[in-house]
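J.: Before anything else, here's the structure in question.
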Amino acid sequence: MYQDHLEDLTYSLFNTIPDPFMVIGEDGTYLEVFGGTERSLYDDGKPMKGKNIYEFMPKEFADFYMEQVRLTLEKGTLNTFDYKLETDKVVLPELNGPGGTQWFETRMHPLANPYMGQRAVTAMIINITERRNLHKRLRELSYLDPLTGLYNRRYFLERINLHLLQKGTAHIMLCDLDHFKYINDTFGHLAGDTVLKEFAQIARGVLKHTHAIARFGGDEFVIALTQKSDQEALEVAEQLRSAVEQHTFRYQSDELKVSISIGVAVLSEKDLDGSALIADADRALYQAKEAGRNLVKLMSKAEGDNA
């Protein structure tokens, strides 16, 4: 009698848990399917019971999953793994879960004794899509500037130093918006934010995806150019300066005239310090501003001159 009550209790428990719990045979047959009642996270898996995984899952995924079953039985210990599943490709009578691409974690464990005549594993399935998306967003926030969507200062310095260690050569463009304080003081900080975001879009358009662009702070931006000659680096800087000069910045009903000054620094063969390279670009930027702004200036550490 007690055993019957215990079995009823266990069966009821398994069928009320929000996450799916399954018993999968060595041949890929789903011998038992419990739980998975949370429809915002899972399709109804009950129709899987009695079916082989190759009957309702894409072959590539079924191959992967059965390899995990094999490894779990072979090692005889808990096997935890993550995977992506295109749930719309699962063949079930009714797909009533979240749909689309979902990420799952499976906690798989071998059964000590045969189940329904064959070796088998238990598998607890957990939808981790929201968790992964949150982690992805947190990673992005750690290296992106929230206003412009460009890289931030920390990530840029890490990236340029790594590049210098590997390649030893680079050009740095340090860009500063001319009279940006006047825009903020006259039209307000929202206008200033609009200018910063539009400049980021212009820079992306000019530089495409071949260079690292970062907001260094305030109205200062830094760009890494790789595999460029001095002349090519100057040409890129001039293209960006000209694109900003020709662009009409608008905030509400006001047209804002914006220009930039750019300092370009060249890495010498003996200098592998990214922060020093940016300091050289900052000196070139200062000279561009002193010469009247809306200009490009080049400083070459190797030659100790300016252009």
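Quick note, my numbering runs 7 ahead of the 1-based positions in the sequence shown. C-beta atoms are modelled at their ideal positions from N, C-alpha and C, and glycine is treated no differently.
Measuring CA to CA, which of Gln208, Tyr158 and Asp34 is closest to Leu80?
T.: Against the sequence shown, residue 80 aligns to sequence position 73. Ranking Gln208, Tyr158 and Asp34 by Cα distance to Leu80 puts Asp34 first.
J.: Excluding the 5 residues preceding and the 5 following Pro117 in the sequence, name in chain order all residues of the same chain whose CB lies nearer than 7 Å to its CB.
T.: Here residue 117 corresponds to residue number 110 of the sequence shown, with the count starting at 1. Hits under 7 Å: Thr79, Leu80, Gly83 and Val128.
J.: Residue range of the alpha helix (DSSP H) that Ser236 falls in?
T.: Taking the sequence shown and counting its residues from 1, the one referred to as residue 236 is at position 229. Looking at the DSSP string, Ser236 is not in any alpha helix (DSSP H), and its letter there is neither H nor E.
J.: To the nearest angstrom, how far is the alpha carbon of Lys296 from that of Ile267?
T.: Start at 1 with the first residue of the sequence shown, and residue 296 comes out as number 289. Start at 1 with the first residue of the sequence shown, and residue 267 comes out as number 260. Computed Cα separation, rounded: 9 Å.
J.: Going along the chain, which residues of its own chain have a beta-carbon closer than 6 Å to the beta-carbon of Leu157, five neighbours each way excluded?
T.: Translated into the one-based positions of the sequence shown, residue 157 becomes position 150. Cβ within range, chain order: Ala207, Ile220, Ala221 and Arg222.
J.: Roughly how many angstroms separate the alpha carbons of Glu101 and Lys264, rounded to a whole number?
T.: By one-based count along the sequence shown, residue 101 stands at place 94. By one-based count along the sequence shown, residue 264 stands at place 257. Rounded to the nearest angstrom, the two C-alpha atoms are 59 Å apart.
J.: Over the uninterrupted beta strand (DSSP E) stretch that includes Asn191, give me the two end residues.
T.: Within the sequence shown, residue 191 is the residue found at index 184, counting from 1. Not the beta strand (DSSP E): Asn191 falls in the alpha helix (DSSP H), residues Phe187 to Phe194.
J.: How about the segment 133-149 and the segment 222-240: do they share at least three Cβ pairs that are nearer than 8 Å?
T.: These segments do not touch.
J.: Can you tell me the Cα-Cα spacing of Leu38 and Leu145, whole angstroms?
T.: As a working note, residue 38 is residue 31 in the sequence shown. As a working note, residue 145 is residue 138 in the sequence shown. Rounded to whole angstroms, Leu38 to Leu145 spans 39 Å at the Cα level.
J.: Per DSSP, what kind of secondary structure is Thr113 in: helix, strand or coil?
T.: Residue numbering aside, residue 113 sits at position 106 when the sequence shown is read from its first letter. Thr113 falls in the strand class under three-state DSSP.
J.: Which of the three DSSP states, helix, strand or coil, is assigned to Asp287?
T.: For this step, residue 287 is matched to residue 280 along the sequence shown. Of the three classes helix, strand and coil, the one that applies to Asp287 here is helix, per DSSP.
J.: Tell me the DSSP secondary structure of Asp34 in three-state form.
T.: Residue numbering aside, residue 34 sits at position 27 when the sequence shown is read from its first letter. Coil at Asp34, not helix or strand.
J.: Flag this pair as yes or no: are the beta carbons of Ile31 and Gly42 separated by less than 9 Å?
T.: Numbered from 1 along the sequence shown, position 24 holds the residue referred to as residue 31. Numbered from 1 along the sequence shown, position 35 holds the residue referred to as residue 42. No; because the gap between Cβ atoms is not below 9 Å, this pair is not in contact.
J.: Only counting the same chain, and skipping five residues up and downstream in sequence, which positions put a Cβ closer than 7 Å to that of Asp226?
T.: In the sequence shown, residue 226 corresponds to position 219, counting from 1. The answer, listed in chain order, is Asp183, Leu184, Phe187 and Leu203.
J.: Would you kindly check if the distance between the Cβ of Gln75 and the Cβ of Met29 is under 9 Å?
T.: Start at 1 with the first residue of the sequence shown, and residue 29 comes out as number 22. Start at 1 with the first residue of the sequence shown, and residue 75 comes out as number 68. Not a contact, by the Cβ cut-off of 9 Å.
J.: Alpha carbon to alpha carbon, how far is Met131 from Ser249? Give it in angstroms, no decimals.
T.: As a position in the sequence shown, residue 249 is number 242, starting the count at 1. As a position in the sequence shown, residue 131 is number 124, starting the count at 1. Those two C-alpha atoms are separated by around 59 Å.
J.: What residue range does the beta strand (DSSP E) around Arg257 cover?
T.: Taking the first residue of the sequence shown as position 1, residue 257 is located at position 250. Arg257 -> beta strand (DSSP E) spans Phe256 to Tyr258.
J.: Pick helix, strand or coil for Asn301, following the three-state DSSP scheme.
T.: Walking along the sequence shown from the start, residue 301 turns up at place 294. Asn301: coil per DSSP, three-state reduction.
J.: In the segment 28-79, which residue ranges form an unbroken alpha helix (DSSP H) of at least 4 residues, counting only runs that do not cross its ends?
T.: Entirely contained in the segment 28-79, the alpha helix (DSSP H) runs reaching 4 residues are, in chain order, 60-63.
J.: Measuring CA to CA, which of Ala286, Gly212 and Ala177 is closest to Asp237?
T.: As a first step, residue 237 must be located in the sequence shown, where it is residue number 230. When each option's Cα is compared against that of Asp237, the closest is Ala177.
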